[in-house]
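Protein chains in written order, with my numbering: chain F, 1373 to 1609; chain D, 5 to 55; chain Z, 73 to 293.
For every residue, glycine included, the Cβ atom is placed at its ideal position computed from N, Cα and C.
Note that the structure is predicted; figures quoted are calculated from it, not measured.
Note sheet for the following structure.
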Amino acid sequence: MFAYANPKRFMELSGRVLPWLGAATAILFVLGLYLSFTAPPDYQQGDTVRIMFIHVPAAWVAMMGYGFVALASLIGLVNRHPLADVAAKQAAPLGALFTALALITGSLWGRPMWGTYWQWDGRLTSFLLLLFLYLGYIALWNAIENEVRAAKAAAILALIGVVNLPIIEFSVQWWTTLHQGESIFRKGAPLISAVFLWPLFVMAAAYTSLFFTLLMVRMRTEILERRARAIALGANA
Amino acid sequence: MPPFLAMGKYAAFVWPAYGISALGILAAVVLSMRAYYRAKTRLSAAERNQK
Amino acid sequence: MSAFAALLARDVRLATRAGGSAMLALAFFATVVTLVPFGIGSEARLLARIAGGVLWVAAVLANLLALDRLFQADYEDGSLDLLALSPLSFEGIAAAKITAHWLTTGLPLTIVSPVLALLLNLPVDAYVALVASLLIGTPAVSAIGGVAAALTLSIRRGGLLLPLLVLPLLTPVVIFGAGAVLARLDGIENGAIWLLAAFSVAAVLLAPFVAAAALRLNLSE
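Below, the structure written as structure tokens:
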């Protein structure tokens, strides 16, 4: 597997895979959107259930993205895999975007139920904190000038974050039970009936495919930029 | 309003949700592709200068 | 005197001099608490209800004040490089500095908190819970803040980044700390103080190692 580690192999491989991945993403979205809009309205939630088809996938990719950043950080620190740091760095802005989308769609989904655009319930609050974790990680990468140092410092931060994430989620859950008022929309989402599972899964696949497509594009971009910078530095030597 | 657009009177929530998601995703795609092509041109320029 | 004790004593001395971080933290703590009633009204019952939370938030913010300079001051004038050459390990350096930070920030805040709780009408029987939660929780704030300070020590104006980095990590401390006070107010047992203690012990034990990794990273050229 580490034979694909070197940037040149990655560029060759990703160059061949990318068109297919992009096509798959597009197809999944077309199919997913069709399913989302042809699904019947829910008994309780009416048509707002359609928001679930874009909220849950975004939330899922947001969480998976952070796990990816943490895993890539670990590999970068331990194995010194040359592409791991690039992968972690480029995955973070994507993860942050999906976290923001999860928050916005979650807020819009909840408004008909709660009556307010924001509710300090377990899920939204956890995602707000996840967004901060992402933003802090990205800010640290940008703040440290030395590329190698930035990679390692950010990696340490990502690992601290991933270890703390379950603790944070637990404490937030505990906190909501402490201050629970009359909340109609509780943490466990209403049981999903089978007719909604297909749109949900296809959209989740679409979002995941999109994440990896964009990640691949961004990693290729970073590799090209580093090459250009290296040439420029070599020319000035 | 046609039933499809009305979304059972939840239109004000469903459509903005889809709209903002689409905008966010499109922005990510456009920005990523632009950065990629910019890096590509910069690299070929640098390689040309090397020669 | 061991190297650890020497570093500890020196940092404490630096922080407690006039205009040092100890005074700054206390002043900030008092300022925030005093401002709150002006912001939300002086109704006694309301203040009593939020006193625990306000004191906890103020304590965390006051702690953050001096954190960005924790390692940066010594990094900039070369003292950190000298310390690296001493027999004290990076873990020891981190532990000494974090301890000094707590002794000169967290501990004084804890001691002063009953006086400020008075201003916020906290019921007297919740004072023990308040002081206990601060005593147990503030070491975790110093520990986690110390790790973030080690990560950001090479960044000029890194102090702006620090609150962003520690906010999610400190959420459990605030939740359990204020929760402990709330439990006393509501007369229920919610285990907050034990959860806080567990988190704090873990944070304090692990922080020196993580901070040391960050120090090593930033000092290697």
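Subject >> Those runs of the alpha helix (DSSP H) which lie wholly inside the region 1395–1476 of chain F and span at least 4 residues >> reply: DSSP runs (the alpha helix (DSSP H)) wholly in the region 1395–1476 of chain F: 1421–1450.
Original post:
Looking at residue 1467 of chain F and residue 1592 of chain F, is the spacing between their C-beta atoms short of 9 Å?
Top reply: Not closer than 9 Å, so no.
Subject >> Span separating the alpha-carbon of residue 80 of chain Z from that of residue 169 of chain Z >> reply: Cα to Cα, the separation comes out at about 6 Å.
Original post:
If you compare alpha carbons, which of Z/207, Z/193, Z/282 and Z/199 is closest to residue 220 of chain Z?
Top reply: When Z/207, Z/193, Z/282 and Z/199 are compared, the shortest CA-CA separation from residue 220 of chain Z is found for Z/282.
Original post:
Can you round the beta-carbon distance between residue 87 of chain Z and residue 94 of chain Z to whole angstroms, since I take them to be within the 8 Å contact cut?
Top reply: Right, their Cβ atoms sit about 5 Å apart.
Subject >> Beta-carbon spacing of residue 268 of chain Z, residue 212 of chain Z below 9 Å >> reply: In this structure, residue 268 of chain Z sits near residue 212 of chain Z, with a CB-CB distance shorter than 9 Å.
Subject >> Selection of the region 1468–1496 of chain F by Cβ proximity to chain D, strictly under 8 Å >> reply: Within the region 1468–1496 of chain F, the qualifying residues are 1469, 1472, 1473, 1476, 1477, 1480, 1481, 1483 and 1484.
Original post:
For the region 176–225 of chain Z, which segments carrying the alpha helix (DSSP H) assignment without a break, of at least 4 residues, lie completely within its bounds, in sequence order?
Top reply: You should have 179–191 and 199–223.
**OP:** Determine the DSSP secondary structure at residue 48 of chain D, reduced to helix, strand or coil.
**Re:** DSSP places residue 48 of chain D in helix when its eight states are reduced to three.
Original post:
chain Z partners of residue 1461 of chain F, CB-CB under 8 Å?
Top reply: Residues of chain Z passing the Cβ test: none, with the nearest at roughly 16 Å.
Original post:
The alpha helix (DSSP H) with residue 151 of chain Z in it runs from where to where?
Top reply: Run containing residue 151 of chain Z: 151–157, per the alpha helix (DSSP H) assignment.
**OP:** Check whether the Cβ of residue 1544 of chain F lies closer than 9 Å to any Cβ atom in chain Z.
**Re:** At least one beta carbon of chain Z lies nearer than 9 Å to the beta carbon of residue 1544 of chain F.
Original post:
Nearest to residue 1417 of chain F by CA position, among F/1461, F/1433, F/1450 and F/1486, is which residue?
Top reply: Nearest to residue 1417 of chain F by C-alpha distance, out of F/1461, F/1433, F/1450 and F/1486, is F/1486.
Original post:
From residue 264 of chain Z to residue 274 of chain Z, what does the alpha carbon distance come to, in whole angstroms?
Top reply: Pairing residue 264 of chain Z with residue 274 of chain Z, the inter-Cα distance amounts to about 15 Å.
**OP:** Grab the span of the alpha helix (DSSP H) containing residue 236 of chain Z for me, first residue to last.
**Re:** Boundaries of the alpha helix (DSSP H) around residue 236 of chain Z: 234–258.
Original post:
By the criterion of Cβ-Cβ separation under 7 Å, what are the contact partners of residue 239 of chain Z in chain F?
Top reply: Within 7 Å Cβ-Cβ: 1504.
Subject >> Neighbour flag for residue 1520 of chain F against chain D, beta carbons, 9 Å >> reply: Output row for residue 1520 of chain F: interface = no.
Original post:
DSSP state of residue 1516 of chain F, grouped into three classes?
Top reply: DSSP places residue 1516 of chain F in coil when its eight states are reduced to three.
**OP:** Could you list which residues in chain Z have their beta carbon closer than 7 Å to that of residue 1508 of chain F, in chain order?
**Re:** Correct list: 236 and 237.
Original post:
In three-state DSSP terms, what is residue 1524 of chain F?
Top reply: DSSP places residue 1524 of chain F in helix when its eight states are reduced to three.
Original post:
Going along chain Z in order, which residues have a C-beta closer than 7 Å to the C-beta of residue 1501 of chain F?
Top reply: The contact set of residue 1501 of chain F on chain Z, defined by CB atoms closer than 7 Å, consists of 240 and 243 in chain order.
**OP:** Return no unless some Cβ of chain Z is closer than 9 Å to the Cβ of residue 1606 of chain F.
**Re:** So no, residue 1606 of chain F is outside the interface.
**OP:** Identify each residue in the region 1418–1452 of chain F for which the Cβ-Cβ distance to at least one residue of chain D is less than 8 Å, and report them in chain order.
**Re:** Interface annotation for the region 1418–1452 of chain F against chain D: 1418, 1419, 1420, 1422, 1423, 1426, 1427 and 1430, criterion Cβ-Cβ distance under 8 Å.
**OP:** Output yes if chain Z places a C-beta closer than 9 Å to the C-beta of residue 1530 of chain F; else output no.
**Re:** The C-beta of residue 1530 of chain F comes no closer than 9 Å to any C-beta of chain Z.
**OP:** Step through the CB atoms of chain D and report whether any lies within less than 9 Å of the CB of residue 1603 of chain F.
**Re:** Chain D, which has a Cβ nearer than 9 Å to the Cβ of residue 1603 of chain F, makes this yes.
Original post:
Got a sec, what are the start and stop residues for the alpha helix (DSSP H) residue 231 of chain Z sits in?
Top reply: Per DSSP, residue 231 of chain Z belongs to no alpha helix (DSSP H) and is neither H nor E.
Original post:
Using a Cβ-Cβ distance under 9 Å, would residue 1589 of chain F count as near chain D?
Top reply: True, the Cβ-Cβ gap to chain D drops below 9 Å.
**OP:** Check residue 135 of chain Z in the structure and name its three-state DSSP category.
**Re:** Three-state DSSP puts residue 135 of chain Z in a helix.
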